[in-house]
Amino acid sequence: MSDDEQAIDEDIVASITEVKPRVESIKRLEMEISGCSGVPALKIKTLEGIELVVSVSVNGYRIEECSRQLKMKDFDSLHALLSETSKAYVQKFGTSLEEALLALSEKDG
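Laid out in structure tokens, this is it:
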């Protein structure tokens, strides 16, 4: 495994862990893009029911397939991609931040 492949793999694992509580489902897969097979990808279903297939490369995350019409562009993180495509993800992320801050203030209090 090359250094780039290892970095991508580590980023995928960390990203899945980060976003899993704020999406309906997420799973890893491999796909064929432009004749290249084995491209790492994620299949995501948002809380609103939007289904996405997202490829992962050294350039970041890119929506390859979507159940809605969205602009196809690269994102530097899975969080950034979901923040732009899912209002429920943003709301749930905000709630989790509030809960974490409350827990910190209670701990310090």
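Numbering of the sequence shown is given in our numbering, commencing with residue 1439 and proceeding in unit increments.
Built from N, CA and C at the ideal position, the CB exists for glycine as well.
In this text, all values refer to a predicted model and were calculated from it rather than measured experimentally.
Checklist entry - Just reading off the beta strand (DSSP E) that Glu1470 is part of, what are its end residues? => result Ser1463 to Ile1471
Next on the checklist: I need the straight-line Cα distance from Ser1495 to Ile1471, nearest angstrom please.
Outcome noted: 11 Å
Checklist entry - When you compare only the Cα positions, how much space is there between Ser1493 and Gln1529? => result 24 Å
Next on the checklist: What does the alpha-carbon distance come out to for the pair Glu1456 and Ser1524?
Outcome noted: In a straight line, the C-alpha of Glu1456 is about 15 Å away from that of Ser1524.
Item to check | Per-residue DSSP class, three states only, for Gly1498 | outcome: strand
Checklist entry - Cα-Cα, which of Arg1500, Val1461 and Thr1484 is closest to Phe1513? => result Arg1500
Checklist entry - So Pro1478 and Ile1446 are in contact, right, with Cβ under 8 Å, and what is the actual spacing, rounded? => result 6 Å
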